[in-house]
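Chemist:
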Amino acid sequence: MIYVVKQGDSLYKIARDYNTTVATIVALNELSNPDVLVVGQTLVLPETPNPNRKAIATNAYVEWYTNEVPARLSQELSKRGPLLTYMMPFAYEVKRDGTLTSLNWGDLEEVAAANRTASAVVLTNIENGAFSDTLAHEIFMDTNLQDLIIGAAIKEAKQHNAKDIHVDFEYLPPEDKEKYVDFLKRLASKAHPEGLTISAALAPKTSANQPGKWYEGHDYKAIGEVVDFVVIMTYEWGYSGGPPMAVSPITPVTQVLEYAVKDIPANKIMMGQNLYGYDWKLPYKVGNPNAVAVSAQYAIDLARQNNAAISYDEVAQAPFFHYWKDGVEHVVWFEDARSIEAKFKLLQRLGLKGIAYWHLGFSFPQNWALLQQMFHVEHIV
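If you use this note's numbering, the sequence shown corresponds to residues 892 to 1272, in order.
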């Protein structure tokens, strides 16, 4: 159940009115400062999960920017693991000589195993910090090179007891669309006999021939026939270099997924979901990327620190607020219990396989509380 804080509310009053305790509300929402509530802030209240709730698969990408896995990420995986089917360390970069870049998993494998969370090996066509169409093309044109990459991926999967090989190849030109499918077929032919599934990340399309560099190399129907499941990246409408808006507004997310289920079986589709929002400086200037990514939890703290009431855009189904710092106006769009519930209801309506989060480094406790109330999370290990 979701409660929206009003002027004059206190945790004591809310707990009394809804027959619960302050301690329960604080724990469920992981409130950093329970003594001060923000008008417009959402709270998830305790609710007995429906024993017949829909079973889904969940995934969280895990990304870090240091040589070793930060302790906070291991701790977050340990905390969220019971509600994760998969965790995907991001990422191995494929190289032109058929090898993969190294990736130090730290204790992620052990933490995942302790929670019956399956691991995956993630392959990307990132080169020099960006997705490379020329790298991907070179791989697609050489089956010997493909076999080296696939062999290396299977070796990593076996080493880490992973269950899936996940391919995130982006910015592919339209002339490589069929070649990419051929690569996935080759991967499947070698991974499946080893007891591994394969999956792919897809750009958020609304038509088969949608123009744009991000979209043209992904053939939903053909890829859906080859892989065991897909993650559709239904986020980043609001992004660091763009104008302020919700990261995953409900209307375009719905349009993408309604198109996707026409070409891919719904039970193969995982909805992509951001665990973060953005803090923009105003006025926004085109070509001046100034937005900073913030977690949902941090956004609430920021609103409280600046005495800013939180508003909710009913069209985008997303919360936002304004504040001033050093004479500069800011606007923050983020996720809360209402926005994630809207996505969960869409997932239910379309009968999707589940949801995949980008990424575990952003704290969003209300997501996990509602996820547990609304769904039964499947484990495959």
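The beta-carbon is built from N, C-alpha and C at its ideal position, and this holds for glycine as well.
Computed from a predicted structure; not experimentally measured.
(1) Assuming W1259 is part of the alpha helix (DSSP H), what are its boundary residues?
(2) Using three-state DSSP, classify N1031 as helix, strand or coil.
(3) From the DSSP output, read off the bridge partner residues of E954.
(4) Quick one, which of S1131, I893, N1052, I905 has its alpha-carbon nearest V935's?
(5) From W1259, I1123, W1171, pick the residue whose C-alpha is nearest to that of Y1130; which is it?
(6) Report the CB separation of K1234 from V1144 in whole angstroms; it is logged as a contact under 8 Å.
(7) How would you write the range of the alpha helix (DSSP H) that S965 sits in, first residue to last?
(8) From Y1126 to V1138, what does the alpha carbon distance come to, in whole angstroms?
(9) Three or more C-beta pairs under 8 Å: does that hold for the segment 923-932 against the segment 1192-1204?
(10) On the DSSP bridge assignment, give the partners of T1088 in chain order.
(11) Using the C-alpha atoms, what's the distance from V896 back to V1122?
(12) Inspect the beta-carbon positions of F1060 and T1015 and report whether they are closer than 8 Å.
(13) Using only the alpha-carbon positions, how far apart do A1053 and Y1175 sit?
(14) Relative to the alpha-carbon of E1085, which residue among A1099, K1049, E1107, R944 has its alpha-carbon at the smallest distance?
(15) Rank A1207, A1187, W1215 by C-alpha distance to the C-alpha of A1199 and give the top, closest one.
(16) Which residue or residues does DSSP assign as beta-bridge partners of K1172?
(17) Just to confirm, is the Cβ distance from A1190 to G1168 under 8 Å?
(18) Hey, would you say P1256 sits closer than 8 Å to Q1146, going by beta carbons?
Modeler: Short version:
(1) Within the sequence shown, the letter at position 368 stands for residue 1259. Per DSSP, the continuous alpha helix (DSSP H) segment holding W1259 begins and ends at 1256-1265.
(2) The count along the sequence shown starts at 1 and reaches residue 1031 at position 140. Rather than Asn, the amino acid found at residue 1031 in this sequence is Phe. Residue state, collapsed to three classes: helix.
(3) Counted from its first residue, the sequence shown places residue 954 at position 63. Residue pairing of E954 in beta bridges, as defined by DSSP: F981.
(4) What you label residue 935 is simply residue 44 of the sequence shown in a count that begins at 1. The closest CA to that of V935, considering only S1131, I893, N1052, I905, is found on I893.
(5) Within the sequence shown, residue 1130 is the residue found at index 239, counting from 1. Comparing alpha-carbon positions, the option among W1259, I1123, W1171 lying closest to Y1130 turns out to be W1171.
(6) Within the sequence shown, residue 1234 is the residue found at index 343, counting from 1. Within the sequence shown, residue 1144 is the residue found at index 253, counting from 1. Rounded, the Cβ-Cβ distance is 7 Å, consistent with contact.
(7) Along the sequence shown, read from residue 1 onward, the residue named residue 965 stands at position 74. Segment 962-971, the alpha helix (DSSP H) holding S965.
(8) Here residue 1126 refers to the residue found at position 235 of the sequence shown. Here residue 1138 refers to the residue found at position 247 of the sequence shown. Rounded to whole angstroms, Y1126 to V1138 spans 6 Å at the Cα level.
(9) They touch, by the three-pair rule.
(10) Walking along the sequence shown from the start, residue 1088 turns up at place 197. Beta-bridge pairing links T1088 to D1055.
(11) Within the sequence shown, the letter at position 231 stands for residue 1122. Within the sequence shown, the letter at position 5 stands for residue 896. Between the alpha carbons of V1122 and V896 lies a distance of about 34 Å.
(12) The residue given as residue 1060 occupies position 169 in the sequence shown. The residue given as residue 1015 occupies position 124 in the sequence shown. Here F1060 is near T1015, since their CB atoms are less than 8 Å apart.
(13) Translated into the one-based positions of the sequence shown, residue 1053 becomes position 162. Translated into the one-based positions of the sequence shown, residue 1175 becomes position 284. If you take the alpha carbons of A1053 and Y1175, they lie about 43 Å apart.
(14) Along the sequence shown, one-based indexing puts residue 1085 at 194. Proximity to E1085 across A1099, K1049, E1107, R944 peaks at K1049, based on C-alpha coordinates.
(15) Looking up residue 1199 in the sequence shown gives position 308. Minimum Cα distance to A1199 is reached at W1215.
(16) Translated into positions along the sequence shown, residue 1172 becomes position 281. In DSSP, K1172 forms a bridge with H1221.
(17) Position 299 of the sequence shown, counted from the first residue, corresponds to residue 1190. Position 277 of the sequence shown, counted from the first residue, corresponds to residue 1168. Between A1190 and G1168, the CB-CB gap stays under 8 Å.
(18) Locating residue 1256 in the sequence shown gives position 365, counting from the first residue. Locating residue 1146 in the sequence shown gives position 255, counting from the first residue. No Cβ-Cβ contact shorter than 8 Å links P1256 with Q1146.
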